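Numbering (my numbering), first residue to last: 9 to 83. Ideal placement from N, C-alpha and C gives every residue a C-beta, glycine not left out. Note that the structure is a prediction, hence the values are computed from the model and not measured.
Here's what the structure looks like:
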């Protein structure tokens, strides 16, 4: 999954994708442990996709925090 594709997703879609990919990663790890995984590179690719998804999600969260004005309290 490319970054430009990920940036087009909403926060809810990102969270759903992260959950799905983490479940996929667990399944791949089980397959690797039982020697059923045909291509071990898939584990690395899924981990990288999860990292990309989490990075874009965090960027969106930071942008939302910046866009909301902070209330300053006068002492």
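Asked, Found
"DSSP three-state label for residue 70, please.", "helix"
"Go ahead and label residue 11 buried or exposed: buried means 16 or more other beta carbons lie within 10 angstroms of its beta carbon, across all protein chains shown.", "exposed"
"Hey, would you say residue 14 sits closer than 9 Å to residue 53, going by beta carbons?", "no"
"Note the first and the last residue of the continuous alpha helix (DSSP H) segment covering residue 20.", "19-41"
"Between residue 51 and residue 68, how many whole angstroms is the CB-CB distance? I'm expecting something under 8 Å.", "The Cβ separation is near 27 Å, so there is no contact."
"Rounding to the nearest angstrom, what Cα-Cα distance links residue 64 and residue 20 in this structure?", "12 Å"
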